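Visitor: Please find one structure pasted underneath; my questions will follow.
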Amino acid sequence: MTTGFQHFWIDHALLPDGWARQVRLAARDGRIVEVTPGQRPGPEDIRVEVAVPGLGNLHSHAFQRAMAGLTEATSAGAVAAGGDSFWSWRELMYRFQDRLDPDSFQAIAEQAYVEMLEVGFTRVGEFHYLHHAPDGRPYADPAEMCARVAAAAQASGIGLTLLPVFYAHADFGGVPPSPAQRRMLHDLDGFTRLLERAGDALAPLGDAVLGVAPHSLRAVTPGELAALLPLTEGPIHLHIAEQLREVQACLDWSGQRPVQWLLEHAPVDARWCLVHATHVEPAELQGIVEAGAVVGLCPITEANLGDGIFPMRDFARAGGRFGVGSDSNVLIDAAEELRLLEYGQRLVSRGRNVLAQGEGVSSGRWLFDGALRGAVQALGVAGGLQAGASADLVALDLRHPALQAREGDAWLDGWIFAARQGAVRDVWRQGRHVVRDGQHLQRAGVAKRYAAALAHLLS
Ligand code: NGQ
Ligand code: ZN
Numbered sequence: 001m002t003t004g005f006q007h008f009w010i011d012h013a014l015l016p017d018g019w020a021r022q023v024r025l026a027a028r029d030g031r032i033v034e035v036t037p038g039q040r041p042g043p044e045d046i047r048v049e050v051a052v053p054g055l056g057n058l059h060s061h062a063f064q065r066a067m068a069g070l071t072e073a074t075s076a077g078a079v080a081a082g083g084d085s086f087w088s089w090r091e092l093m094y095r096f097q098d099r100l101d102p103d104s105f106q107a108i109a110e111q112a113y114v115e116m117l118e119v120g121f122t123r124v125g126e127f128h129y130l131h132h133a134p135d136g137r138p139y140a141d142p143a144e145m146c147a148r149v150a151a152a153a154q155a156s157g158i159g160l161t162l163l164p165v166f167y168a169h170a171d172f173g174g175v176p177p178s179p180a181q182r183r184m185l186h187d188l189d190g191f192t193r194l195l196e197r198a199g200d201a202l203a204p205l206g207d208a209v210l211g212v213a214p215h216s217l218r219a220v221t222p223g224e225l226a227a228l229l230p231l232t233e234g235p236i237h238l239h240i241a242e243q244l245r246e247v248q249a250c251l252d253w254s255g256q257r258p259v260q261w262l263l264e265h266a267p268v269d270a271r272w273c274l275v276h277a278t279h280v281e282p283a284e285l286q287g288i289v290e291a292g293a294v295v296g297l298c299p300i301t302e303a304n305l306g307d308g309i310f311p312m313r314d315f316a317r318a319g320g321r322f323g324v325g326s327d328s329n330v331l332i333d334a335a336e337e338l339r340l341l342e343y344g345q346r347l348v349s350r351g352r353n354v355l356a357q358g359e360g361v362s363s364g365r366w367l368f369d370g371a372l373r374g375a376v377q378a379l380g381v382a383g384g385l386q387a388g389a390s391a392d393l394v395a396l397d398l399r400h401p402a403l404q405a406r407e408g409d410a411w412l413d414g415w416i417f418a419a420r421q422g423a424v425r426d427v428w429r430q431g432r433h434v435v436r437d438g439q440h441l442q443r444a445g446v447a448k449r450y451a452a453a454l455a456h457l458l459s
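In this note's numbering, the protein residues as written are 1 to 459.
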């Protein structure tokens, strides 16, 4: 955080009600206090050509960054099993997770967060479940790994909404957990203690948010789910209806589909983020809209894991709220999450500009605005370039070929649809300059620690 007063002068700024010119933005202790268009710059102002608000990444498992690209070959037994799947990937992920210690875990999280900032994600929802030591016993400080997430956020500067995960069962109906899940498990008392300690670990960050994440309906019983909710006033996130096998298992257990079950048995409202919700029927979609919950879409990971395609077109038409997350972090790119979200719908519907509604509406602007709003809601903060929000600014690089000779929403379309990388020039987070000329200021040191951790892990 930058302490004291600070002024930005932004020639073109994307404000909550649209593009504005010659905007003077005042921040105090990293928080925006005033935004005024049509101003002259002061002599000390930080000058920015084009600025948009930092985007929230509403779903991440940071440690999975280190196994990115390592699960792209057919696995042993895949042919007999009818091919690789989400479930065979999960086996590999569990095996990888077993090797992590607090230091390597933190080094990987720092690398992931640096990459997030470099693409314009300024806050992350860390859906964090690697709690215990490799033997499954809690660390001396039960919130050791939560503290490591906080330390990685601190080192990189990214905003953190920590979502400690409660995990107790292997499948619907309270099936006992498997040995591979031993590092994730709690009973309700243990989890309550974890949350208290996690709160302490977040305090130094200043604007961290603490929520709760029942991992999925597979991992918690109805009784546990009900007991978790009073433990937080923050956001509530869970994975839901990502795979058809999970939908079928839920039907076998309850006679209902996962989202249908959740909407009928839990007080789903605007505090909730339903991650994936890939396999939903129209009535379930409508129920999510009416509850005001956010659907957390992770298009790159959903493609990578073969999840399926969320019916975003219908959800958007119904006024549904959404945000994007980098989930497995197989590739960290805010623009590409938005691009793939739109492209999935184009491929399925054989149309163009499918999500933007009305005539003359930019797809890039529609995607960016929607994802910004959804992430703000799901991560429990104020957002956008307005008083009360954190001074999280992303400056676009007008020298980039995809951004040249255009203006306004066309910059967003250029960034999201036409730029490979390099469209983000600078990022300030809580007023602190964290990315300059496309590179995080701590990039070299973080990359070195990451390389050392990886060499050790993969040797
Ligand atoms: C996770 N990932 O928690 O990392 C999950 C896999 C599970 C995604 N769902 C584990 N993409 O769902 O059981
Ligand atoms: Zn996930």
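Cβ atoms here follow ideal geometry from the backbone N, Cα and C, with glycine treated the same way.
These numbers were taken from a predicted model, which means no experiment stands behind them.
(1) Assuming valine 50 contacts aspartate 11 under a Cβ cut-off of 8 Å, what Cβ separation, rounded to an integer in Å, is found between them?
(2) Is any non-hydrogen atom of ligand 1 found closer than 7 Å to the C-beta of tyrosine 343, if you look at the structure I gave you?
(3) At which residues does the alpha helix (DSSP H) containing leucine 347 begin and terminate?
(4) Return the Cβ separation of glycine 323 and histidine 279 in integer angstroms, given the expectation that the two are a contact with Cβ distance under 8 Å.
(5) With a cut-off of 8 Å, do at least 3 Cβ pairs link the segment 292 to 302 to the segment 321 to 335?
(6) Mind reading off the beta-carbon distance from arginine 346 to arginine 352? Whole number of angstroms is fine, and I expect it under 8 Å.
(7) State yes or no: is the C-beta of arginine 352 nearer than 7 Å to some heavy atom of ligand 1?
(8) Does the beta-carbon distance from glycine 211 to isoleucine 236 come in below 8 Å?
(9) Return the chain-ordered list of same chain residues with a C-beta closer than 7 Å to the C-beta of valine 35, the five sequence neighbours on each side being excluded.
(10) Please classify asparagine 329: does DSSP put it in a helix, a strand, or coil?
(11) Tell me whether aspartate 327, by its Cβ, gets closer than 7 Å to a heavy atom of ligand 2.
(12) For leucine 188 and alanine 226, I'd like the C-alpha separation in whole angstroms.
(13) Can you give the Cα-Cα distance for valine 354 and histidine 186, rounded to whole angstroms?
(14) Can you tell me which of Leu367, Phe63, Asp84, Ala249 puts its alpha carbon nearest to the alpha carbon of glycine 414?
(15) Am I right that serine 390 and glycine 30 are in contact with their C-beta atoms under 8 Å? What's the rounded C-beta distance?
(16) Using only the alpha-carbon positions, how far apart do isoleucine 108 and alanine 152 sit?
(17) Reducing DSSP to helix, strand and coil, say where leucine 379 ends up.
(18) Using the C-alpha atoms, what's the distance from alanine 334 back to proline 179?
(19) From what residue to what residue does the beta strand (DSSP E) around serine 60 run?
(20) Cβ-heavy atom distance between tyrosine 450 and ligand 1 below 7 Å?
(21) For the candidate residues Gln243, Ala452, Arg95, Val52, whose alpha-carbon lies nearest to that of asparagine 304?
(22) Exposed or buried, what is alanine 444 when buried is set at 16 or more other beta-carbons lying within 10 Å of its beta-carbon?
(23) Are threonine 122 and glycine 82 touching if we call contact CB-CB under 8 Å?
(24) Counting along the chain, where does the beta strand (DSSP E) carrying glycine 296 start and finish?
(25) Helix, strand or coil for arginine 123, going by three-state DSSP, please let me know.
(26) Classify serine 390 as helix, strand or coil using the three-state DSSP reduction.
(27) Buried or exposed for glutamine 111, going by 16 or more other Cβ atoms inside 10 Å?
(28) Ignore the nearest five residues each way along the sequence and tell me which others in alanine 147's own chain have a CB closer than 6 Å to its CB.
(29) Measuring only from the beta carbon, is arginine 90 closer than 7 Å to any heavy atom that is part of ligand 1?
(30) Apart from the five residues just before and just after alanine 293, which ones in its own chain have a Cβ nearer than 6 Å to its Cβ?
(31) How many angstroms separate the CA atom of glycine 42 from the CA atom of arginine 95?
(32) By Cβ distance, which residues of its chain are closer than 8 Å to proline 102, with the 5 residues on each side in sequence left out?
(33) Examine ligand 1 and report whether any of its heavy atoms sits within less than 7 Å of the Cβ of glutamate 49.
(34) Please tell me whether, using a cut-off of 7 Å, the distance from the CB of valine 275 to the nearest non-hydrogen atom of ligand 2 is below it.
(35) I'd like to know whether the C-beta atoms of arginine 197 and aspartate 252 end up nearer to each other than 8 Å.
(36) What whole-angstrom Cβ distance do glycine 54 and arginine 429 have, given they're in contact under 8 Å?
Guide: By the coordinates alone:
(1) What you label residue 50 is simply residue 50 of the sequence shown in a count that begins at 1. What you label residue 11 is simply residue 11 of the sequence shown in a count that begins at 1. Rounded, the Cβ-Cβ distance is 7 Å, consistent with contact.
(2) For the purposes of this step, residue 343 is taken as the residue at position 343 of the sequence shown. Incorrect: tyrosine 343 has no Cβ contact closer than 7 Å to ligand 1.
(3) Within the sequence shown, numbered from 1, the residue matching residue 347 stands at position 347. From DSSP, the alpha helix (DSSP H) with leucine 347 extends over 334 to 349.
(4) Here residue 323 refers to the residue found at position 323 when the sequence shown is read from its first residue. Here residue 279 refers to the residue found at position 279 when the sequence shown is read from its first residue. About 19 Å separates the two Cβ atoms, so there is no contact after all.
(5) yes
(6) Position 346 of the sequence shown holds residue 346. Position 352 of the sequence shown holds residue 352. About 6 Å; that satisfies the 8 Å criterion.
(7) Locating residue 352 in the sequence shown gives position 352, counting from the first residue. Arginine 352: no, Cβ never under 7 Å from ligand 1.
(8) Sequence index remark: in the sequence shown, residue 211 carries index 211 (1-based). Sequence index remark: in the sequence shown, residue 236 carries index 236 (1-based). Result yes, Cβ atoms of glycine 211 and isoleucine 236 sit closer than 8 Å.
(9) Translated into positions along the sequence shown, residue 35 becomes position 35. Only Leu15, Val23, Leu25, Leu385, Gln386, Ala387 meet the Cβ criterion.
(10) Along the sequence shown, read from residue 1 onward, the residue named residue 329 stands at position 329. Note: asparagine 329 maps to coil in three-state DSSP.
(11) Here residue 327 refers to the residue found at position 327 when the sequence shown is read from its first residue. Because some heavy atom of ligand 2 lies under 7 Å away, the Cβ of aspartate 327 counts as near it: yes.
(12) Taking the sequence shown and counting its residues from 1, one reaches residue 188 at position 188. Taking the sequence shown and counting its residues from 1, one reaches residue 226 at position 226. Going by the C-alpha atoms only, they are around 11 Å apart.
(13) By 1-based counting over the sequence shown, the position of residue 354 is 354. By 1-based counting over the sequence shown, the position of residue 186 is 186. Approximately 43 Å between the Cα atoms of the pair.
(14) For the purposes of this step, residue 414 is identified with residue 414 of the sequence shown, where counting begins at 1. Glycine 414 has its Cα closest to that of Leu367, out of Leu367, Phe63, Asp84, Ala249.
(15) Within the sequence shown, the letter at position 390 stands for residue 390. Within the sequence shown, the letter at position 30 stands for residue 30. Contact flag correct, Cβ pair sits at about 6 Å.
(16) The residue given as residue 108 occupies position 108 in the sequence shown. The residue given as residue 152 occupies position 152 in the sequence shown. Approximately 9 Å between the Cα atoms of the pair.
(17) Indexing the sequence shown from 1 puts residue 379 at position 379. Of the three classes helix, strand and coil, the one that applies to leucine 379 here is helix, per DSSP.
(18) In the sequence shown, residue 179 corresponds to position 179, counting from 1. In the sequence shown, residue 334 corresponds to position 334, counting from 1. Using only the alpha carbons, I get a separation of about 35 Å.
(19) As a first step, residue 60 must be located in the sequence shown, where it is residue number 60. Residues 55 to 60.
(20) By 1-based counting over the sequence shown, the position of residue 450 is 450. Result no, Cβ not under 7 Å from ligand 1.
(21) Locating residue 304 in the sequence shown gives position 304, where the first residue counts as 1. The option with the nearest alpha carbon to asparagine 304 is Gln243.
(22) Looking up residue 444 in the sequence shown gives position 444. Answer is exposed; the Cβ neighbour count stays below 16.
(23) For the purposes of this step, residue 122 is taken as residue 122 along the sequence shown, with counting starting at 1. For the purposes of this step, residue 82 is taken as residue 82 along the sequence shown, with counting starting at 1. Result no, Cβ atoms of threonine 122 and glycine 82 do not sit closer than 8 Å.
(24) The residue you call residue 296 lines up with position 296 of the sequence shown. 294 to 297 is the extent of the beta strand (DSSP E) around glycine 296.
(25) The residue you call residue 123 lines up with position 123 of the sequence shown. DSSP places arginine 123 in strand when its eight states are reduced to three.
(26) Translated into positions along the sequence shown, residue 390 becomes position 390. Strand at serine 390.
(27) For the purposes of this step, residue 111 is taken as the residue at position 111 of the sequence shown. Classification of glutamine 111: buried, given that the 10 Å Cβ count is 16 or more.
(28) Counting from 1 along the sequence shown, the entry for residue 147 is found at position 147. The residues are Ala201.
(29) As a first step, residue 90 is located in the sequence shown; it is residue number 90 there, counting from the start. Checking the Cβ of arginine 90 against ligand 1 gives yes.
(30) Your numbering for residue 293 matches position 293 in the sequence shown. Here the set comprises Val268, Trp272, Leu274.
(31) Along the sequence shown, read from residue 1 onward, the residue named residue 42 stands at position 42. Along the sequence shown, read from residue 1 onward, the residue named residue 95 stands at position 95. Between glycine 42 and arginine 95, the C-alpha separation is close to 56 Å.
(32) Counting from 1 along the sequence shown, the entry for residue 102 is found at position 102. The residues are Tyr139, Glu144, Met145, Arg148.
(33) Against the sequence shown, residue 49 aligns to sequence position 49. Not so, every heavy atom of ligand 1 lies at least 7 Å from the Cβ.
(34) By one-based count along the sequence shown, residue 275 stands at place 275. Yes, ligand 2 has a heavy atom inside 7 Å of this Cβ.
(35) For this step, residue 197 is matched to residue 197 along the sequence shown. For this step, residue 252 is matched to residue 252 along the sequence shown. No, these two residues do not count as a Cβ contact at 8 Å.
(36) Here residue 54 is taken as the residue at index 54 of the sequence shown, counted from 1. Here residue 429 is taken as the residue at index 429 of the sequence shown, counted from 1. So it is a contact: roughly 7 Å between Cβ atoms.
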